[in-house]
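Residue numbers (the numbering used here): 890 to 1101.
This is the structure we're talking about:
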């Protein structure tokens, strides 16, 4: 979407009970998802991730374990692993992190890794080099099927979100991700959160284009 959008073209949306449709914010810092095979290459044969804390999305957790990321121009240590183990290894960083590593990852939806950037992941037991798997995550909203009905959207839709902070921002191209296993949350990375002065637990407003 390349056209310039005037804020007056947007309208805030309301639920059936008349309350404003707002969405809690989840700021996503750099992190790594690993396959079980890669976990064992980094931490040893038969190793299982240890729970540090549960995350807002059901079944997801921050592990106690961290790794180091290495790129052509630098390294970033103490990068948190998120569990459980996945079918594919994926590394999510901000653009600031990418500059530090010396890489140019694409902005992608989770799991869309074809042609993404390479990275070396270093653990206490060993290291792995993935030819593709490093991305900047596209901003998105997790929601359940019931919440999708409330917001009148479908999985894969793109919407607008307004931050009502001192640094008011309209986020465009926000992808809707619907699953019965999801809990309502707007996910952005640390660069986006800092630019809009948002933090975990803040609420943003769901917008629709005014077609009239």
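Even glycine gets a Cβ: it sits at the ideal position worked out from N, Cα and C.
This one's a predicted model, so the numbers in the text were calculated from it and none came from an experiment.
3 or more residues per run - each beta strand (DSSP E) lying fully within the region 896 to 984 = 899 to 901, 911 to 917, 920 to 922, 940 to 943, 950 to 959, 964 to 972 and 979 to 981
Coarse secondary structure for residue 1096, derived from DSSP in three states = Here residue 1096 refers to the residue found at position 207 when the chain shown is read from its first residue. Reduced to three states, the DSSP call for residue 1096 is strand.
Three-way DSSP call (helix, strand, coil) for residue 987 in this model | What you label residue 987 is simply residue 98 of the chain shown in a count that begins at 1. Correct three-state label for residue 987: helix.
Beta strand (DSSP E) containing residue 1078: first to last residue?
-> Along the chain shown, read from residue 1 onward, the residue named residue 1078 stands at position 189. Looking at the DSSP string, the run of the beta strand (DSSP E) that includes residue 1078 is 1074 to 1078.
Should residue 1075 and residue 1059 be called a contact, given that it needs their Cβ atoms to be closer than 9 Å?
-> Reading the chain shown from its first residue, position 186 is the one you call residue 1075. Reading the chain shown from its first residue, position 170 is the one you call residue 1059. For residue 1075 and residue 1059, no; Cβs fall outside 9 Å.
Helix, strand or coil: how does DSSP classify residue 1101 here?
-> Here residue 1101 is taken as the residue at index 212 of the chain shown, counted from 1. The predicted model places residue 1101 with a pLDDT of 46, which falls under 50 and marks its position as unreliable, so this point remains unresolved.
Cβ-Cβ separation, residue 1023 to residue 1042 (assumed contact under 8 Å), whole Å = Within the chain shown, numbered from 1, the residue matching residue 1042 stands at position 153. Within the chain shown, numbered from 1, the residue matching residue 1023 stands at position 134. With a Cβ gap of about 29 Å, residue 1042 and residue 1023 do not count as contacting.
Please state whether DSSP places residue 1021 in a helix, a strand or coil.
-> Sequence index remark: in the chain shown, residue 1021 carries index 132 (1-based). In this structure, residue 1021 counts as strand in the three-state DSSP scheme.
Tell me the DSSP bridge mates of residue 1054?
-> Walking along the chain shown from the start, residue 1054 turns up at place 165. Beta-bridge pairing links residue 1054 to no other residue.
First through last residue of the beta strand (DSSP E) which encompasses residue 995 | Here residue 995 refers to the residue found at position 106 of the chain shown. Note, residue 995: premise wrong, no beta strand (DSSP E); not H, not E.
Take the Cβ of residue 1052 as the centre, count every other Cβ of all protein chains shown within 10 Å, and call the residue buried at 16 or more, exposed below.
-> One-based indexing of the chain shown puts residue 1052 at position 163. Counting Cβ neighbours within 10 Å, residue 1052 comes out buried, since at least 16 surround it.
Tell me residue 1028's beta-bridge partners as DSSP assigns them.
-> Taking the first residue of the chain shown as position 1, residue 1028 is located at position 139. Answer is none; residue 1028 lacks a bridge partner.
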